[in-house]
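Numbering (full-length UniProt numbering), first residue to last: 1 to 287.
Idealized CB from N, CA, C, for every residue including glycine.
Contents: one structure, followed by commentary.
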């Protein structure tokens, strides 16, 4: 499912003393099956942008085409759009409300008009994808679970809808490093298995470096930089100017190069750094 955003503008409180231009002529394209990382400092427009992609917000001007359909056009059935474009907000566990895990995950699919049998299969599959044991947890209250488990239940509820596009706004916010790694690992597995188009909003440069196909950097309501993680992180100075940064391992590599280590300048993951440093040391007979 391709997404084309053209000249998208969104103004909050227009023609008032509180007028604020959150999006200022955004243009971008996302191809079917891409894994996108959307980054930007607070107020850059990223959260406003993702809420346009399934019709939660109506733009002040501009258009959004999803598989050729302009979802901003008059008369478009946004309910159908939202079945295809799933959005997981920050701290989605706060939206849980059913008495059991199974019922909570089944709530969305139950509104699609599909059979009880298929709903059950979707619940099981979604729980498996997010690493929750179906037999152990299906009849438990979601409010008895840990914070990380509740987060997974909430994400599973959207996955069970089988959207063609899955958008996650800071899906690991507030989780410990282990919980963060597990969530991102499961999202990566979902993308690999189903080739779902995935858009993740995150502040973690390390996670973006090792997970996504392409990073879109937002600044002042527009796209500042777009490219592969390796290409985007070449703009270290610019990223820092707009309140962002680069993976800490790249900063380490830059410091080592300044001290005379002849290693690649485009290293962005810990594993790449380890391999390159080991190679460097072996070549000099120090290992």
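| Check | Outcome |
| --- | --- |
| With distances taken between CB atoms, is the gap from residue 232 to residue 225 smaller than 8 Å? | yes |
| What would DSSP say about residue 6, mapped onto helix, strand or coil? | strand |
| Would you report the Cα separation of residue 39 and residue 96, rounded to the nearest angstrom? | 27 Å |
| Which residues share a DSSP beta bridge with residue 222? | 219 |
| May I have a chain-ordered list of the alpha helix (DSSP H) segments no shorter than 4 residues that lie completely inside the segment 18–56? | 46–52 |
| Would you give the residue range spanned by the beta strand (DSSP E) that residue 197 belongs to? | 197–201 |
| Could you work out which residue in 13, 48, 42 is closest to residue 26 when comparing CA atoms only? | 48 |
| If contact is defined by three or more beta carbon pairs under 8 Å, each pair taking one atom from either stretch, is the segment 158–172 in contact with the segment 86–106? | yes |
| Would you tell me roughly how many angstroms separate the C-alpha atoms of residue 114 and residue 277, rounded to the nearest one? | 54 Å |
| Which value, in whole angstroms, describes the spacing of the CA atoms of residue 282 and residue 275? | 11 Å |
| Please tell me whether, using a cut-off of 7 Å, the distance from the CB of residue 243 to the nearest non-hydrogen atom of the ligand FAD is below it. | Annotation note on the ligand FAD: not contained in the displayed structure, which lists no ligands. |
| Let me check one thing: in DSSP terms, what residues is residue 87 bridge-paired to? | 167 |
| List the whole-angstrom C-beta distance separating residue 60 from residue 4, where the pair is believed to meet the contact cut-off of C-beta under 8 Å. | That pair is no contact at about 18 Å. |
| Shortest alpha-carbon distance to residue 103 belongs to which of 133, 140, 81, 94? | 140 |
| Between residue 219 and residue 81, what straight-line distance do the alpha-carbon atoms span, to the nearest angstrom? | 27 Å |
| Are there three or more Cβ pairs, one per stretch, closer than 8 Å when the segment 106–125 is compared with the segment 155–162? | yes |
| Could you name the residues of the same chain whose beta carbon sits closer than 6 Å to that of residue 207, not counting the 5 residues immediately before and after it, in chain order? | 184 |
| Should residue 197 go down as buried or exposed, given a rule of 16 or more other Cβ atoms within 10 Å for buried? | buried |
| Under the rule that 16 or more other beta-carbon atoms within 10 Å means buried, what is residue 35, buried or exposed? | buried |
| Look up residue 61 in the DSSP assignment and say whether it is helix, strand or coil. | strand |
| When the Cα atoms are used, what is the spatial distance from residue 70 to residue 63? | 6 Å |
| Nearest to residue 130 by CA position, among 119, 221, 182, is which residue? | 182 |
| Could you give the DSSP three-state label for residue 242: helix, strand or coil? | coil |
| Pull up the distance between the alpha-carbon of residue 266 and that of residue 37, whole angstroms please. | 19 Å |
| How far does the alpha helix (DSSP H) with residue 137 in it reach, from first residue to last? | 134–137 |
| Could you pull out every residue in the same chain whose Cβ sits closer than 6 Å to the Cβ of residue 51, ignoring the five residues on either side in sequence? | 57 |
| Using only CA atoms, which one of 73, 112, 77 lies nearest to residue 161? | 112 |
| Specify the secondary structure class of residue 235 as computed by DSSP and reduced to three states. | coil |
| Check whether the Cβ atoms of residue 190 and residue 148 lie closer than 8 Å to each other. | no |
| Just curious, the alpha helix (DSSP H) that residue 99 is in, first and last residue? | Looking at the DSSP string, residue 99 is not in any alpha helix (DSSP H), and its letter there is neither H nor E. |
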